[in-house]
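In order, the protein sequences belong to chains F and G. Residue numbering for the first sequence follows my numbering, beginning at 2 and increasing consecutively. Residue numbering for the second sequence follows my numbering, beginning at 44 and increasing consecutively.
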Amino acid sequence: MDRMDDKLDSLLSAYRDACPDREPGANFMPELWSGIEARRGAALSTLLRRWTKAWLAATVVLAVVISVFLIPRFQEPPALEATYVDVLSAADSAGDLALLLPQGEPE
Amino acid sequence: MLIEFAIIEKARSGDDQAFNQVVQAYRKRILGTIARLIGKPEDVEDVGQEVFLRLYFSLEQLRAPEVFEPWLYRLTVNAAYDFLRRQKRRPESRMSDLSEQQVMLADASAGGKLRSEEVRRTQLREMVQSLLEEVSEEDRILLLMKEVEGLSLKELERVYKVSENVLKVRLFRARQRVLKAFASRQELESPQGV
Numbered sequence: 002m003d004r005m006d007d008k009l010d011s012l013l014s015a016y017r018d019a020c021p022d023r024e025p026g027a028n029f030m031p032e033l034w035s036g037i038e039a040r041r042g043a044a045l046s047t048l049l050r051r052w053t054k055a056w057l058a059a060t061v062v063l064a065v066v067i068s069v070f071l072i073p074r075f076q077e078p079p080a081l082e083a084t085y086v087d088v089l090s091a092a093d094s095a096g097d098l099a100l101l102l103p104q105g106e107p108e
Numbered sequence: 044m045l046i047e048f049a050i051i052e053k054a055r056s057g058d059d060q061a062f063n064q065v066v067q068a069y070r071k072r073i074l075g076t077i078a079r080l081i082g083k084p085e086d087v088e089d090v091g092q093e094v095f096l097r098l099y100f101s102l103e104q105l106r107a108p109e110v111f112e113p114w115l116y117r118l119t120v121n122a123a124y125d126f127l128r129r130q131k132r133r134p135e136s137r138m139s140d141l142s143e144q145q146v147m148l149a150d151a152s153a154g155g156k157l158r159s160e161e162v163r164r165t166q167l168r169e170m171v172q173s174l175l176e177e178v179s180e181e182d183r184i185l186l187l188m189k190e191v192e193g194l195s196l197k198e199l200e201r202v203y204k205v206s207e208n209v210l211k212v213r214l215f216r217a218r219q220r221v222l223k224a225f226a227s228r229q230e231l232e233s234p235q236g237v
């Protein structure tokens, strides 16, 4: 097995020589920078999308809060259910208003 | 280190010129490493671009310039691993997926320019790559980083962030598998050998 180990070592060493370090093509740097710019733009639009989603969620929550808690409060029945005149006419059932009228014919 | 700490610091604080200098200092070495890790010369630059893109967007997370190299190797290993995994999931053949040897043979038959040295290198690359298919992508990369790139166990510990003992076990198993495959091929090819 030692012999095989040595053979494998020399094979891997030969492999290293067969794949030397290489110079990149002329477009390597320009393509890298355009990739960086593209990803920057994508990162910005992702950020904007997240903000939009967050604002949308906050708006929905606010709408739910308003519809559940605030609108019913405005729709509560008023403290006085009848007008002043209604109250007066209800109180007149005993003919109290007749007392206010003149009692006899003038001479 | 191929570059001064001060330049890495500058790049980390968002200086694009300094980042350019970092890329220029390391690109040759990183492309060589990628070529040996993935074994597909036609895809080396794409993976290299991905490594430096990841470097650009994660540079501010670098704790200290001293750990820059292991960290760059870590990005390289991850990008190579992602590439190999994508290749595994995509079995259909495109022109760019054909092996270098196949493309060269096609070129040669068209132009008659096949050079024997290049053919020998290509065959060697293909042989090693097919041997390494006996182990998982993770172990293949680990084995190459140790045996071909020449990183020490200490350096690998910093790249992989696992203990030396774990690395030793993984390396031993990977090497045993490759040796077994190598031995069985030698038997098939005997008496010529390698």
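For glycine and all other residues, C-beta sits at the position ideal for the given N, C-alpha and C.
query                                                                                                                                            : result
Can you tell me whether E180/G is buried or exposed? The criterion is at least 16 other CB atoms within 10 Å of its CB, across all chains shown. : buried
Along the stretch 20-43 of chain F, what residues have a CB closer than 8 Å to any CB found in chain G?                                          : C20, P21, D22, R23, E24, P25, G26, F29, M30, E32, L33, G36, I37 and R40
As a quick exercise: from R40/F, V62/F, R4/F and S46/F, pick the residue whose alpha carbon is nearest that of F95/G.                            : R40/F
Quick one: list the residues of chain F neighbouring V66/G, beta-carbon separation under 8 Å, in chain order.                                    : M30 and L33
Of all Cβ atoms in chain G, is any one closer than 8 Å to the Cβ of L45/F?                                                                       : no
Name the chain G residues that come within less than 8 Å of L9/F, Cβ to Cβ?                                                                      : R218, V221, L222 and F225
Check N28/F in the structure and name its three-state DSSP category.                                                                             : coil
Run through DSSP, which three-state label would I46/G get?                                                                                       : coil
Which residue's Cα is closest to the Cα of F225/G: N208/G, L196/G, V120/G and E176/G?                                                            : E176/G
How about the stretch 76-87 of chain G and the stretch 35-49 of chain F: do they share at least three Cβ pairs that are nearer than 8 Å?         : no
Do L222/G and A19/F have their beta-carbon atoms positioned less than 8 Å apart in this structure?                                               : no
Can the beta-carbon of L102/G be found less than 8 Å from the beta-carbon of A49/G?                                                              : no
Going by the CB atoms, is the gap between V87/G and A122/G shorter than 8 Å?                                                                     : no
How would you write the range of the alpha helix (DSSP H) that D182/G sits in, first residue to last?                                            : E180 to E190
Less than 8 Å between the C-beta atoms of V65/G and R117/G, yes or no?                                                                           : no
Of the choices Y124/G, E109/G and R228/G, whose alpha-carbon is the least far from that of L45/G?                                                : E109/G
How long is the line joining the alpha carbons of I67/F and T53/F, rounded to whole angstroms?                                                   : 21 Å
Considering only the beta carbon of each residue, do L174/G and L214/G sit closer than 8 Å?                                                      : no
What three-state label does DSSP hand R74/F in the structure shown?                                                                              : helix
Run down chain F in chain order and give the residues with a C-beta less than 8 Å from the C-beta of K71/G.                                      : D22, R23, E24 and P25
With a threshold of 8 Å between beta-carbons, can L199/G be considered close to chain F, or not?                                                 : no
My guess is that L187/G and E200/G are in contact by the Cβ rule of under 8 Å, so how many angstroms apart are they, rounded?                    : About 17 Å; that fails the 8 Å criterion.
Whole angstroms are fine: how far does the CA of A78/G sit from the CA of A229/G?                                                                : Correcting the residue type first, residue 229/G is Gln in the shown sequence and not Ala. Near 25 Å, if we compare the C-alpha coordinates of A78/G and Q229/G.
Terminal residues of the continuous alpha helix (DSSP H) containing D3/F?                                                                        : D3 to A19
How would you call F126/G, buried or exposed, if buried means at least 16 neighbouring beta carbons within 10 angstroms?                         : buried
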